[in-house]
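Taking it in order: structure first as structure tokens, then the write-up.
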Amino acid sequence: MSVSPVVKLSELALSMQNRGSRYAVELAPIAAPLGAERLGARLCVLPAGKSAFPFHCHHANDELFVILDGAGTLRFGDQTHPVAAGEVVVCPAGGAETAHQLTASADGPMRYLAISTMNEPDAMEYPDSGKVTVFAGAAPGGDKAARRLALTVRAADAVDYWEGEATD
121 MSVSPVVKLS ELALSMQNRG SRYAVELAPI AAPLGAERLG ARLCVLPAGK SAFPFHCHHA
181 NDELFVILDG AGTLRFGDQT HPVAAGEVVV CPAGGAETAH QLTASADGPM RYLAISTMNE
241 PDAMEYPDSG KVTVFAGAAP GGDKAARRLA LTVRAADAVD YWEGEATD
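The opening position of the sequence shown corresponds to residue 121 in this note's numbering, with each subsequent residue numbered one higher.
Written as structure tokens, this is what we have:
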């Protein structure tokens, strides 16, 4: 018997991911379990006042967020925008000018769909902390076991291309 391509959001099993007092999100994959390889989608539920991930941008992947319930704030580049149920947020690939972060309002949770391309390799920047992350083998949000490279470094620690190479 084949698996239905129809997903009921109310039947998805959410798993909690949190870090410290600022980051918490319940996540449920949607696209990958049904065989999608180039399109990522998951249901996200942010508790009141929380963000899922640090402020970041992708150099190879576009992201789109469909706000289903609740309200919050989108930090995008050097601006902030209120967001609420029924709105769609588009975050194209780019540099710090497209860096983004969703935060639920203090009044209650925010529920949304996170949809993205699944291009790899991808490089991500974190403007607040000066970090860079590179994934190869599986895109961000993809199968971690399939990654051949997953590296996070501080951009300030970058070395010259030829450093450490025998040039004589």
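All residues carry an ideal CB built from backbone N, CA and C; glycine is no exception. Everything numeric in this text was worked out from a predicted model, so none of it was measured.
Chain C contact for residue i (CB, 8 Å cutoff)
i	result
VAL208	Looking at the structure shown, chain C is missing, and only one protein chain is on hand.
Closest residue to residue i among the options (Cα-Cα distance)
i	options	result
LEU237	GLY228, ALA259, ARG268	It should be pointed out that residue 237 corresponds to Thr in this sequence rather than to Leu. The candidate whose alpha carbon is nearest that of THR237 is ALA259.
LEU166	THR193, HIS179, ASN181	THR193
ALA144	GLY262, LYS264, THR223	THR223
ALA151	LEU134, LYS170, VAL127, ASP277	VAL127
SER171	HIS178, LEU147, ASP242	LEU147
GLU131	ASN138, LEU269, PRO149, ALA278	PRO149
LEU184	LEU159, ALA191, GLY169, ARG274	LEU159
GLY214	LEU163, SER225, GLY169, ASP242	ASP242
ALA168	SER135, ARG162, MET230, ALA133	MET230
ARG142	LYS264, ALA226, ALA276, TYR232	ALA226
PRO125	ALA156, ARG139, SER135	ALA156
SER249	ALA266, ALA276, ALA265, ARG267	ALA276
LEU129	GLU283, CYS164, ALA286, GLY284	CYS164
MET181	THR218, ARG139, GLU283, PHE196	This sequence places Asn at residue 181; Met is not what is there. Comparing Cα-Cα distances from ASN181 to each of THR218, ARG139, GLU283, PHE196, the minimum goes to THR218.
Distance CB(residue i)-CB(residue j) smaller than 8 Å
i	j	result
HIS176	GLU245	yes
ALA216	PRO247	yes
VAL279	LYS251	no
ALA133	ALA234	no
LEU269	TYR232	no
Assigned secondary structure, residue i (DSSP; H/G/I helix, E/B strand, else coil)
i	result
SER130	helix
ASP280	coil
PRO153	helix
GLU285	coil
GLU183	strand
ALA265	helix
ALA275	helix
GLU217	helix
ALA226	coil
GLU207	coil
MET238	coil
SER171	strand
VAL145	strand
SER122	coil
PRO158	Pro is not the amino acid found at residue 158; the sequence shown has Arg there. Coil, per DSSP.
Cβ separation of residue i and residue j, assumed to be a contact under 8 Å, to the nearest whole Å
i	j	result
VAL123	LEU154	6 Å
THR211	HIS201	It should be pointed out that residue 211 corresponds to Cys in this sequence rather than to Thr. With a Cβ gap of about 11 Å, CYS211 and HIS201 do not count as contacting.
GLY261	GLY228	That pair is no contact at about 25 Å.
- Query: Does the region 206-220 come within contact of the region 250-257, defined as at least 3 CB pairs closer than 8 Å?
  - Reply: no
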